[in-house]
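Q: Here it is, the structure in full.
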Amino acid sequence: MVLGTSSGAGKSLMTAALCRVLRRRGEVPLPFKGQNMSLNAWVDAAGGEMAYSQALQSWAAGLEPEVAMNPVLLKPHGDSTSEVIHLGRSVGIARAEHYYRDWFRPGWAAIRTGLSSLRTSHPSGRLVLEGAGSPVEVNLQARDLTNLRLAQFLRARCLLVADIERGGVFAQIVGTLALLRPVERPLIKGILINRFRGRRELFDEGRLWLERQTGIPVLGVMPWLDELFPPEDSLDLLERRARKPEAELEIAVVRLPSISNFSDFDPLEAEPSVRLRWIRPGEPLGQPAAVILPGSKQTLRDLAALQASPLADALRHHVEGGGHLFGICGGLQMLGQRLRDPEHLEGSGADAAVEKGLGYLPLDTRFGGAKALRQRRSRALWPGIAAAELAGFELHRGVSNCTDPQACHPLAEADGLGWWRSGRCEMEGTEPCGSVAGSYLHGVFDNGPWRRGWLNHLRAGLGLAPLNELVPDHANHREQLLDRLADAFEAHVNLLPLLGRD
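By the working numbering, the letter at position 346 of the sequence shown is numbered 375, and the numbering carries on one by one without gaps.
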C-alpha cells in the first residue's frame, strides 16, 4: 500500500510506477483505491464511473480499467456536498457533516465487494493499494475507510511517501508516524522521499537521520522528473506552470470553479508546439489562438460565474475577431443558447430553471433522465480536419439538440456527440474565419490524427506550416511516460522490504 503524508504527495504516480514495475517482473498488479474524492473521472467499458487516477494505474498494470479498482468515488459539488458513486453508479448526495454517519457502512460494503471482484477475476494478482490524503487525520481516523483500516484488513505492507518539494519533509514524516496507533505503526515498512531536486547524496545525512529517529528504512529518494505527468487532483493542476516558451500556439483553457476531467488536456500539454495557459474567469484572456471551455461538475453555476466576469466579453471579442472556441461536455452546453434544468439536477434554484447560454451554437440543452455513461467511437465529420475515428467516453447529464441545422453541423457520424460552425470576423466583407465547436466526448484530443488536424486548423489561420497528422493516439505517449516513471522508480527505490514475505 502506498500512503502519503498529505494530499498531493505523489501517491497516485508512485502507485502507477509500482504497478508498471511489478508488471515487468511478470506479476499481475491490481491497483485499488477504496475511496477517492475527485472530479477527474473515467468511464469503464461496462459504463461505470471511476477515478481517472485508478484508470491510469490500471494501464500501468497492463489491465483494462474497471470500477472494482475504485469502488467509492466522491465528486464534490462545492457546497459541502458530494455525489456518491458506488461501484460505478451514483447512489446519492452526501453532506460533509453527515457522510460517515450515513455512508460509512455502505462504503465499506462497496469496498469489500470491489476487493472480492478483483480477486475473483485475477486470482493470481497482487493488490497494490493507494491511500487517500493523510492516514492520520485524528478527527477522522475512527471512521477511516481507505487508509489504515484497509491496510490492517489486508495486512498490507505500507510505503509512506513524502513530498520534499513542498518543504517540511522531516516534520511530515515524523509527525505522521507519531500519530499512528501502536497497532498501525508496524504496517509501515519503508519511507519514500519524492520530488527531490539535485544530487541525491546531498540528502544522505537527512536519510540517516530519518532512519535513526524512526527506525524505518528510507527505501528511496525519487528525483524530480522533468516530465508533465497527469495531475492527481485540482491542487496539482493549480501548480502547473506554463512551459515551452518556444511554442508556436497558445491555447487558453478556462479554469472553471467546478472544473472536471482536466485530464482531457494532457494530449495538448504533450504537444511540443502547444503551450496551454490556464485562466480563471476573472483573469485577462490575452491573445490565444484558441480558447477551450472544459467540463464542469456544476455547469449552471460555472456558466453564471463566467457570465458575471469580464471574461464573457473577452470571449465574445475573441470569437468575433476570428478566434477559435471549443467546449467539452459542460463547456459544450455553455456554448448553446438555452440550458433548462426543470428538476434542479444542476443545483439550480427555483428561479434558475432556465439559463441563457453564451449563444455561440444554436443548441438547446435539457438536464434530466439518467446520466450518460458510456464509451463511444465514431468517425469525425468536420471538413478540413482529419476524417479520423474519434474514441472517448460520455459522462454527463443533459441532452443537447441543434435548433438550426444550417448553422450547427455534426462533429461526428454518431448523433449528439458534438457540433461545429465557422465563425464570422468583424472585418470588411465578414469573411468566414475562426470556428466554434464542442463535443460531449471526453478524450477527444487523445485521438492523434484528429488532434493534429484541429491544431492545423488553428495554424492555418496564423500562417504556420501544418504538422504531420499521421501520429499515434495519446495512449502511446502515456505508455512512454509510464515506462520512464517505472525506470526511475526501479533505479531509485529498493522494493525488497515491500515485496518480501515476513
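Cβ atoms here follow ideal geometry from the backbone N, Cα and C, with glycine treated the same way.
If we count Cβ pairs, one from each stretch, closer than 8 Å, do we get three or more for the segment 131-139 versus the segment 88-99?
A: no
Q: Let's see if you can read the secondary structure: which residues bound the beta strand (DSSP E) around Thr24?
A: Residue 24 lies beyond the range of the chain shown here (30 to 531); nothing can be said about it.
Q: Identify whether Phe182 lies in helix, strand or coil by the three-state DSSP scheme.
A: helix
Q: Is the beta carbon of Ala125 closer than 8 Å to that of Arg113?
A: At residue 113 the sequence reads Val, which differs from the Arg that was named. No, they are not a contact pair.
Q: Starting from Ser145 and walking both ways along the beta strand (DSSP E), at which residues does that stretch end?
A: Looking at the DSSP string, Ser145 is not in any beta strand (DSSP E); the run it does join, the alpha helix (DSSP H), is 128-150.
Q: Work out the CA separation of Leu103 and His127 for me, nearest whole Å.
A: When rounded, the distance between both Cα atoms is 14 Å.
Q: Who are the near neighbours of Phe258 in its chain, counting only those whose CB is closer than 8 Å to its CB and skipping five residues on each side?
A: Leu42, Leu510, Leu514
Q: Where do the N-terminal and C-terminal ends of the alpha helix (DSSP H) with Met66 fall, by residue?
A: Looking at the DSSP string, Met66 is not in any alpha helix (DSSP H); the run it does join, the beta strand (DSSP E), is 64-66.
Q: Looking at Asn69: is its Cβ nearer than 8 Å to the Cβ of Gln83?
A: no
Q: Which residue comes first and which comes last in the beta strand (DSSP E) that contains Cys187?
A: 187-192
Q: Are the beta-carbon atoms of Leu278 and Val247 separated by less than 8 Å?
A: no
Q: Applying the criterion that 16 or more other CB atoms from any shown protein chain within 10 Å of the CB defines a buried residue, is Thr149 buried or exposed?
A: exposed
Q: Hey, could you find the ends of the beta strand (DSSP E) Met79 is sitting in?
A: 78-80
Q: Say whether chain D places a C-beta atom closer than 8 Å to the C-beta of Arg395.
A: This model lacks chain D altogether, as it is built from one protein chain only.
Q: Could you check how far apart the C-beta atoms of Gly315 and Ala281 are, in whole angstroms? I think they sit under 8 Å.
A: 7 Å
Q: Go ahead and pull the three-state DSSP assignment for Leu209.
A: coil
Q: Under 8 Å, do His503 and Asp295 count as touching if we go by C-beta distance?
A: yes
Q: I need the DSSP call for Gly482, collapsed to helix, strand or coil.
A: helix
Q: Just the Cα atoms here: how many angstroms apart are Leu402 and Ala207?
A: Roughly 44 Å between the two C-alpha positions.
Q: How do the segment 318-329 and the segment 516-524 stand: do at least 3 beta-carbon pairs fall below 8 Å, yes or no?
A: Not touching, per the Cβ criterion.
Q: So does the segment 143-160 actually touch the segment 183-191, counting three or more Cβ pairs closer than 8 Å?
A: yes
Q: On a Cα-Cα basis, can you pick out the residue from Leu209, Phe199, Pro152, Leu183 that is closest to Asn168?
A: Leu209
Q: Please name the residue or residues paired with Arg369 in a DSSP beta bridge.
A: Val383, Arg395
Q: Please work out which residues of its chain come closer than 7 Å, Cβ to Cβ, to Gln242, disregarding the five sequence neighbours upstream and downstream, and give them in chain order.
A: Val203
Q: Give me the Cα-Cα distance between Leu499 and Pro371, rounded to the nearest whole angstrom.
A: 45 Å
Q: Can at least three beta-carbon pairs, one atom from the segment 335-345 and one from the segment 304-311, be found at a separation below 8 Å?
A: Yes, the segment 335-345 touches the segment 304-311.
Q: Express the C-alpha separation of Gly421 and Thr459 in angstroms, rounding to a whole number.
A: Confidence is the limiting factor: at Thr459 the pLDDT is only 48, short of 50, which leaves the residue's position unreliable, though a coordinate-based value still follows. Distance between the alpha carbons of Thr459 and Gly421: 36 Å.
Q: Does DSSP put Ser41 in a helix, in a strand, or in coil?
A: helix
Q: So, using beta-carbon positions, are Leu237 and Ile220 closer together than 8 Å?
A: no
Q: Would you tell me roughly how many angstroms separate the C-alpha atoms of Lys400 and Gly492, rounded to the nearest one?
A: 42 Å
Q: Taking the straight line between their C-alpha atoms, what separation do you get for Asp331 and Phe474?
A: 23 Å
Q: Apart from the five residues on each side of it in sequence, which residues of its chain come closer than 7 Å, Cβ to Cβ, to Ala276?
A: Ser302, Val303, Arg304
Q: Starting from Gln404, trace the beta strand (DSSP E) both ways and give me its first and last residue.
A: 401-408
Q: Quick check: Ser67 and Ala46, are their CB atoms within less than 8 Å of each other?
A: no
Q: Identify the continuous beta strand (DSSP E) that holds Arg224 and give its terminal residues.
A: 217-225
Q: Given a cut-off of 8 Å on the beta-carbon distance, is the pair Leu390 and Val320 in contact?
A: One thing to note: Leu390 has its Cβ no nearer than 8 Å to the Cβ of Val320.
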